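Down below is the structure, laid out as structure tokens.
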Amino acid sequence: MLAGKGESTNIVHNYLIKSFNIQKVIIEEPVPRSYFLKKRMKKLGFVKVLGQVLFQTFTVSYLKKRSVERTNEIKRLHQLNCSSINEGEIINVKSVNDNETVNILREIKPDIVIVNGTRIISKKVLNCVPAKFINMHAGITPMYRGVHGAYWALVEKQNELCGTTIHFVDEGIDTGNILKQGIIQTNEKDNFYTYPLLQLAIGLPLLKEAIWEVLDNKYQIILPPKGESKLRSHPTLLEYWSYRLHRNVK
1 MLAGKGESTN
11 IVHNYLIKSF
21 NIQKVIIEEP
31 VPRSYFLKKR
41 MKKLGFVKVL
51 GQVLFQTFTV
61 SYLKKRSVER
71 TNEIKRLHQL
81 NCSSINEGEI
91 INVKSVNDNE
101 TVNILREIKP
111 DIVIVNGTRI
121 ISKKVLNCVP
131 AKFINMHAGI
141 TPMYRGVHGA
151 YWALVEKQNE
161 LCGTTIHFVD
171 EGIDTGNILK
181 QGIIQTNEKD
191 NFYTYPLLQL
201 AIGLPLLKEA
211 IWEVLDNKYQ
221 IILPPKGESK
231 LRSHPTLLEY
241 WSYRLHRNVK
């Protein structure tokens, strides 16, 4: 596995370890927040990014506190195991794109590399071993690339596109060939904070199925749904509360 540190990485690992031999989990350090914000401001502008920061600072923390019961319910219903990964399995690197990562992968010689929550992986890393790199993306591609695909699908009243994609990893952002897609069902207890957990829950069995098919060389690339390919970002504070009031999307 190539992953970022966090609960979703633990959940993916603990689900897959029951069926596959995971040799190592290479975990990269988070991208420095200052670097991330500067890069985003160049692309989206200061006002937009400020609104996103305010949303994450105030609204997301509010939703997290309000969603404890629902979060626990989803984890229980789908048997999501958040236990920490054994330290003996983990190799820490500064970035998945470092030469250290290349050397580790060449030494391990994996059949498949599962990607979860990393920065964009460089061509150098993707081509350093003959393994297939597979990612579980929280959104239906190509319309909902980037982040929070389920939320934006609901905002745009595209409930049939509110789900998860299993795809091969290429040099783009969630642009790889699609292996599997699944749609989530939400209820009145769900919100921005719980959608990703539902997407993770529905994606795990699809990921497992895709891995077996790739290992057996019986996988099929599926055609993407028709629609404009679009890279999504976080809503701003104003956008979130506007959509919540006028479109009833929490």
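According to the UniProt record's numbering, the sequence shown is numbered sequentially starting from 1.
We put the CB at the ideal spot given by N, CA and C, even for glycine.
Here the structure is a predicted model, which means the values were calculated and not measured.
(message) Taking the alpha carbon of P205 as the reference point, which residue from Y195, S67, E188 and H13 has its own alpha carbon closest?
(response) It is H13 whose Cα lies nearest to the Cα of P205.
(request) Tell me whether E28 is buried or exposed, calling it buried when 16 or more other Cβ atoms sit within 10 Å of its Cβ. (result) Taking all protein chains in view, the Cβ of E28 is crowded by 16 or more other Cβ atoms within 10 Å, so the residue is classified as buried.
(request) With distances taken Cα to Cα, identify the nearest neighbour of I90 among A3, T141, S61 and E171. (result) A check of alpha carbon separations from I90 across A3, T141, S61 and E171 identifies A3 as the nearest.
(request) Determine the DSSP secondary structure at H246, reduced to helix, strand or coil. (result) Collapsing the DSSP output to three states places H246 in a helix.
(request) Determine the closest residue to K109 out of G117, K94, T118 and L126, with distance taken between C-alpha atoms. (result) When G117, K94, T118 and L126 are compared, the shortest CA-CA separation from K109 is found for L126.
(request) Tell me whether H137 sits in a helix, a strand or coil according to DSSP, three-state version. (result) In the three-state DSSP reduction, H137 falls in the strand class (E or B).
(message) Given this structure, state the Cα-to-Cα distance separating L230 from T175, to the nearest angstrom.
(response) In the sequence as displayed, the identity of residue 230 is Lys instead of Leu. Those two C-alpha atoms are separated by around 10 Å.
(request) Check each candidate in Y144, N99, L44 and T118 and name the one with the smallest Cα separation from C128. (result) Per the C-alpha coordinates, the member of Y144, N99, L44 and T118 positioned closest to C128 is N99.
(message) Check whether the stretch 194 to 212 and the stretch 152 to 168 touch, using three or more Cβ-Cβ pairs below 8 Å as the test.
(response) Contact check between the stretch 194 to 212 and the stretch 152 to 168: three or more CB pairs, one atom from each, fall below 8 Å, which counts as touching.
(request) Return yes when the Cβ of S67 is within less than 7 Å of the Cβ of Y193, no when it is not. (result) Their beta carbons are under 7 Å apart, which means Y193 touches S67 by this criterion.
(request) Within its chain, find whatever has a CB closer than 8 Å to the CB of F58; leave out the 5 residues flanking it on each side and keep chain order. (result) L237.
(request) Kindly indicate the opening and closing residues of the beta strand (DSSP E) around N116. (result) Residues I112 to N116.
(message) Using only the alpha-carbon positions, how far apart do N116 and I183 sit?
(response) Rounded to whole angstroms, N116 to I183 spans 19 Å at the Cα level.
(message) Pop quiz: I173 and I222 are said to be a contact at Cβ under 8 Å. What is the actual Cβ separation, rounded to whole angstroms?
(response) With a Cβ gap of about 19 Å, I173 and I222 do not count as contacting.
(request) Run through the stretch 142 to 208 for me and flag every whole alpha helix (DSSP H) of 4 or more residues, listed as ranges in chain order. (result) 149 to 155, all fully within the stretch 142 to 208.
(request) Would you please state the rounded distance, in angstroms, between the beta carbons of residue 275 and Y144? I believe it to be under 8 Å. (result) Only positions 1 to 250 of the chain appear in this structure, which leaves residue 275 out of reach.
(message) Starting from V53, trace the alpha helix (DSSP H) in both directions and tell me its first and last residue.
(response) It spans F46 to L54 - the alpha helix (DSSP H) in which V53 sits, taken as one unbroken run.
(request) Given a cut-off of 7 Å, decide if I114 and E25 are closer than it, judged by their beta-carbon atoms. (result) In the sequence under discussion, the amino acid at residue 25 is Val, which differs from the Glu named in the question. No, they are not a contact pair.
(request) In angstroms with no decimal places, state the Cα-to-Cα distance between residue 254 and Q23. (result) A question about residue 254 goes unanswered here, because the residues of the chain that appear run from 1 up to 250.
(request) Give the DSSP bridge partners of A3, in chain order. (result) The partner list for A3 (beta bridge, DSSP) reads I27 and N116.
(request) Drop a sphere of 10 angstroms on the beta-carbon of S8, count the other beta-carbons inside from all chains shown, and report buried for 16 or more, exposed for fewer. (result) Per the 10 Å Cβ criterion, buried.
(message) Assuming R70 and D190 are in contact, meaning their beta carbons sit under 8 Å apart, how far apart are those beta carbons, in whole angstroms?
(response) The beta-carbon separation of R70 and D190, rounded to 7 Å, stays under the 8 Å limit for a contact.
(request) Determine the direct distance from the alpha carbon of I166 to that of P225, and round the result to whole angstroms. (result) A straight line joining the alpha-carbon of P225 with that of I166 spans about 14 Å.
(message) Considering only DSSP beta bridges, list what V93 is partnered with.
(response) Answer by DSSP bridge pairing, in chain order: E28.
(request) For K43, write down the residues that DSSP places opposite it in a beta bridge. (result) Note: K43 sits in no beta bridge, so no partner.
(message) So if DSSP puts I222 in a beta bridge, which residue, or which two residues, is it bridged to?
(response) Paired residues: I178.
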